[in-house]
Amino acid sequence: MGNLLDSQRVWKGLTPKAKKRFFEIKDKGTLADGRIYDGEGNDVSDYVEVNVKTHGRANEGYRITRHMEGHDAENGGFTWVFYTTCQTFLDEYTGIKEPDIARLMYIATYVGFQNQQLTHDNGRKIDKTGLRNLLGLSANKFRDFYKRVTEADILNEKDNVIEISPLLFYRGKVRGKDAEISRIKLYRKTVRELYTNFGGRAAKKLSIIYMVLPFLNLKTNVVCFNPDETDTERLNKMHLDKLAALLGYRDSNKLRQTLESVKLDGKPVFWLPPDPKDRRKKMVIVNPNVVYGGPAKELDAIKVLFK
């Protein structure tokens, strides 16, 4: 009763403009990737709380779905990465360098909701100068980077607003044929934190996250040769030595040191446990707080590995 009275007092204290804004969000708002957006796509999660009531058999399905939404929100929402398309695209544009990939992952966390415009969380559009400041690059390095990604049509500038290709990254509900394309959630908050810590000379380390995506089993976040396999007992794991060869490392120990050095809040981004079937070999598992595309019911089993 007290909460109801408190809510009524707050409502009475709102200005007519604020009340009008409330009804606009109520009528046209969208709940997606753990965040709430108004009719124009602005993130209003800090101002709006959604309460959902369920009963009967819907409770369990709601609990699982809500758990997934909680994970999404905890990590700042997400941008979809169409990683198979990305791989094909970047194979064709060999001028794109490994640090560029890390920068593009970071830039993708600023994609506007249901549009491709680079946008700050407060709704302000990001222009070329703003992008350079965001990336923290020198004038010369930014010029070279910007030339490479615009020539490859990954970024395009129109009316002083920068857009990123929807073939590679998208933020919002995926519909139609796009829903059939292999994709994974790239978490915005965690990727931004990683770029802040490793975005300079260490940016190449972050690009490894992207480079393993085509080999990631979405149900387990294990790097393997048959990522589409749904039976986890039949996974053909890509051990550290094989991944090292694939990424062009002559020494798998060097790759191990690189992977183990990438941490998020003191916890590993890449976990390298011994394979239970051959303890001489190391598996590679990616932290689901960075990328995840599997079912909600499998999430806890992976998260516990990174506690």
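Under UniProt numbering, read the sequence shown as residues 1 to 307, first letter to last. For every residue, glycine included, the Cβ atom is placed at its ideal position computed from N, Cα and C. All of these numbers come straight from a predicted model, not from anything done at the bench.
In terms of residue numbering, what span does the beta strand (DSSP E) encompassing residue i cover?
i	result
phenylalanine 142	Phenylalanine 142 -> not in any beta strand (DSSP E); alpha helix (DSSP H) instead, spanning 139-151.
valine 161	161-164
isoleucine 101	From DSSP, isoleucine 101 is part of no beta strand (DSSP E) but of the alpha helix (DSSP H) over 98-108.
tyrosine 187	184-187
lysine 282	278-282
lysine 307	From DSSP, lysine 307 is part of no beta strand (DSSP E); its letter is neither H nor E.
asparagine 253	First-last for asparagine 253: 252-261, but that is the alpha helix (DSSP H), not the beta strand (DSSP E).
Considering only the alpha carbon of each residue, which of the options lies closest to residue i?
i	options	result
proline 214	Lys204, Glu229, Ala301	Glu229
methionine 105	Lys237, Thr94, Phe306, Leu134	Leu134
leucine 90	Ser207, Leu137, Leu131, Arg171	Ser207
isoleucine 107	Glu92, Gly70, Lys125	Lys125
tyrosine 110	Phe78, Asn217, Lys141	Phe78
valine 269	Ala245, Glu298, Lys303, Ser252	Lys303
threonine 220	Tyr93, Ala102, Asn140, Asn289	Asn289
glycine 199	Lys263, Gly136, Met211, Trp271	Gly136
glycine 70	Lys307, Lys297, Leu305	Lys297
Got a sec, what are the start and stop residues for the alpha helix (DSSP H) residue i sits in?
i	result
phenylalanine 89	83-92
isoleucine 209	203-212
aspartate 300	299-303
asparagine 156	Not the alpha helix (DSSP H): asparagine 156 falls in the beta strand (DSSP E), residues 155-158.
Is it buried or exposed, residue i, if we count other Cβ atoms within 10 angstroms and call 16 or more buried?
i	result
threonine 119	buried
proline 99	buried
glutamine 116	buried
aspartate 278	exposed
isoleucine 154	buried
aspartate 231	exposed
arginine 250	exposed
Could you pull out every unbroken alpha helix (DSSP H) segment of at least 4 residues lying fully inside the segment 219-246, listed in chain order? 240-246
Under 8 Å, with one C-beta from each stretch per pair, do the segment 214-228 and the segment 161-170 reach the 3-pair mark? no
Are at least three pairs of beta-carbons, each pair with one atom in the segment 235-251 and one in the segment 282-289, less than 8 Å apart? yes
Counting pairs of beta carbons, one from the segment 69-88 and one from the segment 142-152, are three or more of them closer than 8 Å? no
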